[in-house]
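These notes are about the structure you will find just below.
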Amino acid sequence: MIDRETLVRRHTVEITRPDPATVLTVGNGDFAYTADITGMQTFAAFHDQAAARAQGRLAVNTATMSTWGWHSMPNPEGFVLADAMSTYETSRGPVPYPDRFDMAATMGGGEIARELRAGTWLHVNPHRVDLGRIGLVLRPEPGAPAESDPAALVDPRQRLDLWTGTLTSVFTYAGHEVRVTTVADPRHARVAFRVESDLLATGRAAVAVRFPYASDGFFDTSDWSAPDRHTTTLHPLDEHACRFGRILDDTTYATRLDWSEGEVNATAEPHTFELTTSAGVLELVATFAPGGVLGRGEFTTIEGAAISWWREFWTSGAAVDFAGSTDPRAAELERRVVLSQYLTAVNCSGSMPPQETGLITNSWQGKFHLEMHFWHAAHFAAWGRPELLERSLGWYLSILDVARGTARRQRYEGARWPKHVGPDGRESPSDIGSLLIWQQPHLLYLLELLHRCGRTSLVARFAELVEETAAFMASFAEERHGTFHLPAPLVPAQEFYDARSTEDPTFELAYWWWGLEIAQRWRDRLGRERNEDWRRIQDNLARPHQRDGRYSAIATEPYLRRDDHPSMLCALGVVPATPLIDPAVMEATLLDVRDQWDWNSAWGWDFPVMAMTATRLGRPDLAVDALLTGTTKNRCLATGHSPQIGSILPLYLPANGALLTAVSLMTAGWDGADTDCPGFPRDGSWTVRHEGFQVWP
């Protein structure tokens, strides 16, 4: 057996200097608290993403976020989705799609054309809320202004113990040591701190609690410039507890503070409160909730619960150990694997699909991109932790009627799943998102992975959802002279093609066959006959377009652009072998992509895609090379974060999840694979010990 504690602790995160791009997070999938070098949210301006973007620097905000914390700006004009529709001519007749949205103007703060105002409001609302900042106040002398520059800290040392989920931060300020321990409750929206320093008793250290207004910016978590647009009410509960009532337009929530000794008072700054104490040790717990009664929290109880939860996490499910490998890249791959498990457990295992930057900072207003749900969470099943994937799938049941309405409006059967969406399931207007289709089979694939983990009770629970998902897929396929096509208008996974003329993308064709096959298997499990209409579509789907013995991305001009996502590789790699894909042609495609692609334009999940295709084609040498390609968007910082576009996307969790997905395929293989660890070279340079993985389809 693998010594899992040794494996995990080899990759304990240690930080020794403040960096705007370096933040560490504790959380539980539905709630997360992100800290700076002090273990708290002390130097907010130092981590200001908006300022960093304007200066071309990389930074990550320190925020407190949850899956339930959402806000919408007032809508005085009463915009509804119909106000953002354009009509597309299709074989089904004229069909409206919500595509009226100017992303460039919205991101750049430019003037929004009148006909696009509805789409803009609907796109940026709702948005995820930063629930509040809890940080230290450090003063060189009592009563002096608070320190604003982390350069004033001497010898900072920060350690994230992945094995226990405990963040420990130690530094010296004004000649005195400060030690902060930070942990998150594994089951509730609660974070706990122990602050140890004699600066507390002298009035040179305190704790500040600050509440911002919400932001509808593309990549911002909060607005500190609008104090009159929200209210914060302090309600003392007893000598060691208080409650803050929060109102932001129609959004309300509460924050409870429990502390060991001291008192909380309002400051001259709006929505800012300070906890002072005469003790040298302060224990503090902050609990957040959308309403109702907030229970008391104690540091030691939460610390113990966190330690137990993380030990259970690391000792359950799968593990892979590369110790003993002579390939010099092995230690780096192992580090990325361990850190990615931590980051996805904290950010991607909640009750809703996650956003691309999880619960750390906002990307695209904090909404989910459902085409990324597979990359965020499929690995949980493959790594033997199916319960962490299952948590988010019930959300699809909650929006099933909305998805049915989308399909009906577009003259399809079944339910069409959106792309860019908030918790209510309403589409966000976009000329890309409203026409994207590769998110549609994801739900079927994710459910199939859970079933392979023994979650047989899901068959009945999700039977209707599976049927409705496949019904849309079947009605979307258009028959012409006995062949079924995926017709325009559509946007493929490689998003830079004209939706009005794009047809039969290679990846989506193979995924359509596989998705319908999963739905057929679901019918088998329910004791129903296979759907004959679906079988006919499967048997007669258009074959993917080829040029010069290689697959193109789409079947219409321009056929292939060599930038962004090489999505045609997904047709054999992400998707298992299907009758639509010739392995020899796919291998030629893989080699061409390796040699000719603009890899600086690729995204973090593209490298694992290439690794998965190489693995299924029996090219483990290419699989490892792909995972560790040395390009800008395939970096992995000390925190495990993979920046993509500077401070617009300073981390990108689909890259972490896709890495874990690829490594699980490379390690466990698939049904009928004839070798162990088919994705690793068998030249003696790799020693791969593994346990607990689920075999892929």
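Going by the numbering used here, 374 is the number at position 362 of the sequence shown; the sequence numbering is gapless.
Even for Gly, the Cβ is constructed at its ideal location relative to N, Cα and C.
One or two residues paired with residue i in a DSSP bridge
i: GLU703; result: ALA331
i: VAL219; result: LEU148 and LEU287
i: GLN170; result: ILE27 and SER181
i: TYR225; result: ASP235
i: HIS381; result: HIS432
i: ARG206; result: THR193 and GLU295
i: LEU448; result: VAL503
i: ALA253; result: ASP250 and ASP270
i: GLU439; result: VAL433
i: TRP708; result: TRP682
For residue i, the first and last residue of its enclosing alpha helix (DSSP H)
i: ASN668; result: 665 to 680
i: PHE392; result: 385 to 394
i: GLU399; result: 398 to 410
i: TYR354; result: 342 to 359
i: HIS550; result: Rather than His, the amino acid found at residue 550 in this sequence is Gln. 544 to 551 is the span of the alpha helix (DSSP H), which, as asked, contains GLN550.
i: ARG16; result: 16 to 21
Residue range of the unbroken beta strand (DSSP E) whose run includes residue i
i: THR193; result: 188 to 196
i: GLU26; result: 25 to 27
i: ASP695; result: Run containing ASP695: none; DSSP gives neither H nor E here.
i: ASP250; result: 243 to 250
i: LEU179; result: 178 to 185
The ligand FMN heavy atom lying under 7 Å from the CB of residue i
i: VAL107; result: Looking at this structure, you won't find the ligand FMN or any other ligand, since it has none at all.
Cutoff 8 Å; reference residue i; Cβ partners in own chain excluding five residues on either side
i: ALA351; result: A small correction: the amino acid at residue 351 is Leu; Ala does not occupy that position in the sequence shown. The residues are HIS23, VAL25, LEU174, CYS648, THR651, GLY652 and ASN668.
i: LEU592; result: LEU521, ALA522, TRP525, LEU553, ARG555, PRO556 and ALA583
i: PRO666; result: GLU368, MET384, TRP387, HIS388, TRP615, GLY616 and TRP617
i: SER564; result: THR518, PRO556, HIS557, GLN558, TYR571, LEU572 and MET580
i: SER84; result: ASN137, PRO138, HIS139, ASP261, ASP262 and THR263
i: THR481; result: GLY426, ALA427, TRP429, GLN452, PRO453, LEU455, LEU456, GLY527 and ALA531
i: LEU93; result: PRO110, LEU134, ARG438, GLU439 and PRO441
i: ALA317; result: ASP197, PRO198 and ARG199
i: THR601; result: ARG562, TYR563, MET580 and LEU581
Close beta carbons around residue i, own chain, < 6 Å, minus the five adjacent residues each side
i: ALA489; result: PHE496 and ILE549
i: TRP698; result: SER337, ASP339 and PHE692
i: ALA253; result: ASP270
i: ASP443; result: ASP111
Cut-off 7 Å between Cβ atoms - residues of its own chain near residue i, not counting five sequence neighbours on either side
i: ALA71; result: PRO32, ALA33, HIS59, ASP60, GLN61, ALA64, SER659 and PRO662
i: THR568; result: SER513, THR514 and GLU515
i: HIS188; result: SER209, ASP210 and LEU211
i: VAL433; result: LYS379, PHE380, LEU382, GLU439 and SER440
i: SER375; result: PHE231, GLN367, GLU368, THR369 and LEU661
i: ILE14; result: ALA331, ASP333, ARG701 and GLU703
i: LEU306; result: ARG255, ALA266, ARG268 and THR299
i: THR28; result: PRO168 and ARG169
i: SER404; result: GLY362, SER363, MET364, PRO365 and ALA389
i: ASP575; result: ASP610 and SER613
i: GLN608; result: ARG574
i: PRO248; result: CYS254
Nearest-angstrom Cβ-Cβ length linking residue i and residue j, presumed shorter than 8 Å
i: VAL219; j: VAL207; result: 7 Å
i: GLY177; j: TRP321; result: 7 Å
i: ILE314; j: VAL297; result: 7 Å
i: GLN53; j: ILE124; result: GLN53 to ILE124, Cβ: 33 Å. No contact.
i: ARG16; j: THR279; result: Wrong, their Cβ atoms sit about 46 Å apart, outside the cutoff.
i: LEU165; j: PHE183; result: 4 Å
i: PRO578; j: VAL597; result: 14 Å between Cβ atoms; not a contact.
i: VAL503; j: LEU448; result: 5 Å
i: SER446; j: PRO110; result: 5 Å
i: PRO154; j: ARG222; result: Contact flag wrong, Cβ pair sits at about 21 Å.
i: THR9; j: ALA75; result: Not covered by the structure: residue 9. The range shown for the chain is 13 to 709.
Closer than 8 Å to chain B by CB, residue i
i: VAL221; result: Protein chain content of the structure displayed is limited to a single chain, and chain B is not contained in it.
Practice task
Tell me the start and end of each unbroken beta strand (DSSP E) in the stretch 82 to 167 that is at least 3 residues and wholly inside, in chain order.
Solution key: 97 to 102, 105 to 110 and 145 to 150
Practice task
Report the residue ranges of all alpha helix (DSSP H) runs contained in full by the stretch 36 to 82; include only those spanning at least 4 residues, in chain order.
Solution key: 61 to 67
Exercise for the section: Run through the stretch 259 to 340 for me and flag every whole alpha helix (DSSP H) of 4 or more residues, listed as ranges in chain order. Expected result: 311 to 327
Problem - Complete alpha helix (DSSP H) runs within the stretch 556 to 640 (minimum length 4 residues, chain order) - result: 595 to 608, 618 to 628 and 632 to 639
Handout entry: Length at least 4, wholly inside the stretch 508 to 539: the alpha helix (DSSP H) runs in chain order
Key = 518 to 537
Practice task
Enumerate, from N- to C-terminal direction, the unbroken beta strand (DSSP E) stretches of 3 or more residues contained entirely within the stretch 450 to 497.
Solution key: 490 to 492 and 495 to 497
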